[in-house]
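The sequence shown begins at 1 in my numbering and counts up one residue at a time. Following: one structure in structure tokens, then a few remarks.
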Amino acid sequence: MTAPWWQNGVIYQIYPRSFQDTNGDGIGDLRGIERRLDDLVSLGVDAIWISPIYPSPMVDFGYDVADYCAIDPRFGTLADFDDVLMQAHRRGLKVLLDFVPNHTSDQHPWFVESRASRQNQKRDWYIWHDAAADGGPPNNWISDFGDSAWEWDETTGQYYYHAFLKEQPDLNWRHPAVRAAMYDVMRFWFDRGVDGFRIDVLWHMVKAADFPNNPPNPAYRPEMGEMHRLLQLHSTDQPEVHRIAAEMRDIADGYGARGQGERVLIGEIYLPVDRLMHYYGGERPEVHLPFNFQLIDTPWQARALAAVITSYEAALPLGGWPNWVLGNHDRPRVAAKRGQAQARVAAVLLLTLRGTPTLYYGDELGLSDVMIEASQVRDPRELREPGLALGRDPVRTPMPWDDSENAGFTTAHPWLPLNADWPTRNVARMSEEPQSILTLYRRLLALRRNRRALSIGNFVLLNVDDEMLVYERRHGSERLIVALNLGAQSHRLPLPDWGRGSRVLLSTVADAALVEDGALLLGSNEAVVLEAG
Ligand code: TEU
Ligand code: CA
1 MTAPWWQNGV
11 IYQIYPRSFQ
21 DTNGDGIGDL
31 RGIERRLDDL
41 VSLGVDAIWI
51 SPIYPSPMVD
61 FGYDVADYCA
71 IDPRFGTLAD
81 FDDVLMQAHR
91 RGLKVLLDFV
101 PNHTSDQHPW
111 FVESRASRQN
121 QKRDWYIWHD
131 AAADGGPPNN
141 WISDFGDSAW
151 EWDETTGQYY
161 YHAFLKEQPD
171 LNWRHPAVRA
181 AMYDVMRFWF
191 DRGVDGFRID
201 VLWHMVKAAD
211 FPNNPPNPAY
221 RPEMGEMHRL
231 LQLHSTDQPE
241 VHRIAAEMRD
251 IADGYGARGQ
261 GERVLIGEIY
271 LPVDRLMHYY
281 GGERPEVHLP
291 FNFQLIDTPW
301 QARALAAVIT
311 SYEAALPLGG
321 WPNWVLGNHD
331 RPRVAAKRGQ
341 AQARVAAVLL
351 LTLRGTPTLY
361 YGDELGLSDV
371 MIEASQVRDP
381 RELREPGLAL
391 GRDPVRTPMP
401 WDDSENAGFT
411 TAHPWLPLNA
421 DWPTRNVARM
431 SEEPQSILTL
441 YRRLLALRRN
451 RRALSIGNFV
461 LLNVDDEMLV
471 YERRHGSERL
481 IVALNLGAQS
491 HRLPLPDWGR
501 GSRVLLSTVA
511 DAALVEDGAL
521 LLGSNEAVVL
531 EAG
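Listed below in structure tokens is the structure:
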């Protein structure tokens, strides 16, 4: 039996504003993505996920959607999108869109209607509530971007709920008409040929019906950001969300069942593993891949990583397919957190663990967080709670393609500054360098494509100590050993009997790893993939 594409493939996240500009406005666009498809094929990924491209006031850079079934003119037209889709498919690449169902823009016609009067037929499409007895907000819920999650509406004399910005009112998913309208949106894109969706804040979509106060978070420290003052016990992860996820899955599965290609759903869910697992579904299947963000936050130590991997593997429900993420457009980049040497080790980890990896654009260059001057800040998260390093601009900077003007990203002034080292840290240059992290990513992706042990094989933890993490990936007679050195000391690791004669397929460090007398000699900050035989 062959595994479906979303199990053995690798997903690549594109932040479209920052990928490739083609019309000289300093903002990436769909034609830019189309122009770079061959680069993605040569990198070796299988699918692209494009962050939102729908018409939007861009208060949250597209996560405030004003029309779910169109393309923002800054990114192009629906025809441009169809071209991207066709050109991607011609190259064997799948295309995933970002679906933002929890909230719309306050400029969406639905919300314009909803706020027009209490009698409007779309009133209940959003979450309206009377003031508390003292005239204040209905409860203590805090927006993820700080401050009360309730906004007073003068015209109609009620508060509306927004888990994010006040310009992002939450939809009322308990309303059947909302569900029906949003399911039609999914069909609109599926009918055009889209291969799946990454679903924004899936765990936020349903709130406790009686809106009780959230309890205080005992672990809260101010530098975490105000949202963490409370535990989001009643505002997120409610039991009713699972029915919605199952209904979405039904829609996706309908296409596969009709022989129109398997469509995938990926849920953006920040929850502890035990809660996360529920989103695979119970009696009814839910999302194929509930995003697993643990590699982003786990301390970069061998024992901590081993614990995360084994506990996640153990928690997976029967038939649940794992997935791993090292970075995205909201979180610090892996190179910034772990340093350049360990960013290479992280690449090996991401691409040799069991489960679908999602790669964040630029991480294949070892791109780090870019310092943004106060005057250049664009992210509302930073603007609302400045100075806590919560801003996301540093990880959303333009892709450096070559050493021409503005790194080949744009002929205009880029919307965010480029990484200062772009004259050398760029795709063209690093493609020529046999030791670059980009070359490492290419080789890893090629290896993963050629070795089923890596894409769909079993995972067995072989060894863990203070600095070394060693595991086996096995498929049939194909047995690979992956050894990571998370530290700066070199190590000598005796290999299991079956692996004594292993040869090195790939290393993060030139000519360092060695198999000698049945032991592996691993250099400082080195990760290797060995093949037994
Ligand atoms: O992110 C949800 C989310 O959990 C993060 O916003 C998180 O709260 C924040 O980044 C903490 O650092 C999704 C999108 O990925 C994000 O870009 C949007 O701003 C948000 O939803 C609202 O749509
Ligand atoms: Ca542009």
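Each residue gets a CB set at the ideal place from its N, CA and C atoms; glycine is no exception. Every value quoted in this text rests on a predicted model; they were computed, and no experiment measured them.
Which of helix, strand or coil does DSSP assign to residue i?
| i | result |
| --- | --- |
| Leu316 | coil |
| Phe111 | helix |
| His89 | helix |
| Asn102 | coil |
| Asn120 | coil |
| Gln13 | strand |
| Gly281 | strand |
| Arg243 | helix |
| Ile534 | Shown here, the chain extends from 1 to 533; a query on residue 534 therefore has no answer. |
| His288 | coil |
| Ala428 | helix |
| Glu467 | coil |
| Arg492 | strand |
| Val454 | Checking the sequence, you will find Leu at residue 454 rather than Val. Leu454 falls in the helix class under three-state DSSP. |
| Tyr160 | strand |
| Asp153 | strand |
| Ala446 | helix |
| Thr352 | helix |
| Trp128 | strand |
| Pro380 | helix |
| Leu40 | helix |
| Asn172 | coil |
| Leu418 | coil |
| Pro357 | strand |
| Phe409 | coil |
| Phe145 | coil |
| Leu295 | helix |
| Ala133 | coil |
| Gly476 | coil |
| Ala209 | coil |
Apart from the five residues just before and just after residue i, which ones in its own chain have a Cβ nearer than 6 Å to its Cβ?
| i | result |
| --- | --- |
| Trp128 | Gln158, Tyr160 |
| Pro534 | An answer regarding residue 534 cannot be provided, because it is not within the stretch 1 to 533 covered by the chain. |
| Ala446 | Gly44 |
| Phe188 | Cys69 |
| Val509 | Gly523, Glu526 |
| Val515 | Ser502 |
| Arg221 | none |
How about residue i and residue j: do their beta carbons lie closer than 9 Å?
| i | j | result |
| --- | --- | --- |
| Asp170 | Ser105 | no |
| Gly366 | Ala343 | yes |
| His108 | Asp153 | no |
| Leu289 | Thr356 | yes |
| His234 | Asn213 | yes |
| Leu353 | Phe459 | yes |
| Arg333 | Tyr360 | yes |
| Tyr126 | Arg115 | yes |
| Ile251 | Phe190 | yes |
| Val112 | Ile199 | no |
| Leu530 | Leu505 | yes |
| Arg284 | Arg249 | yes |
| Asp147 | Ala163 | no |
Leaving out the 5 sequence neighbours to the left and right, which residues in its chain are closer than 7 Å to residue i when beta-carbon positions are compared?
| i | result |
| --- | --- |
| Leu37 | Gln87, Ala88, Arg91, Leu93 |
| Thr298 | Ala304, Leu305, Val308 |
| Arg31 | Thr22, Gly76, Asp80 |
| Gln340 | Gly366 |
| Val178 | Trp125, Leu171, Asn172 |
| Glu467 | Ala302, Asn485, Leu486, Gly487, Gln489, His491 |
Who are the near neighbours of residue i in its chain, counting only those whose CB is closer than 8 Å to its CB and skipping five residues on each side?
| i | result |
| --- | --- |
| Asp402 | Gly408, Asn426, Val427, Ala428, Arg429 |
| Gln376 | Asp393, Leu416, Pro417 |
| Asn217 | His228, Arg229, Leu230, Leu231 |
| His175 | Asp124, Trp125 |
With distances taken from each beta carbon to the nearest heavy atom of ligand 2, which residues come in below 5 Å, in chain order? Going along the chain, the residues that qualify are Asp21, Asn23, Asp25, Ile27, Asp29.
For the segment 323-335 against the segment 289-308, do three or more pairs of beta-carbon atoms, one drawn from each stretch, fall closer than 8 Å, so that the two count as touching? Segment contact: the segment 323-335 against the segment 289-308, three or more CB-CB distances shorter than 8 Å; contact assigned.
Assess contact between the segment 435-443 and the segment 400-417, defined as three or more Cβ pairs (one per stretch) separated by less than 8 Å. Is contact present? Segments in contact, no.
Counting Cβ pairs, one atom from each stretch, are 3 or more of them under 8 Å apart for the segment 225-232 and the segment 251-269?
Here the segment 225-232 does not lie against the segment 251-269, with fewer than 3 beta-carbon pairs under 8 Å apart.
- Query: On the three-pair Cβ rule with 8 Å, is the segment 16-32 touching the segment 463-479?
  - Reply: No, they do not touch.
If you pair each beta-carbon of the segment 36-51 with each one of the segment 6-24, do three or more pairs fall below 8 Å? These segments touch.
Hey, is the segment 480-497 in contact with the segment 312-326, meaning 3+ C-beta pairs nearer than 8 Å?
-> No, because fewer than three Cβ pairs between the segment 480-497 and the segment 312-326 fall closer than 8 Å, the two stretches do not touch.
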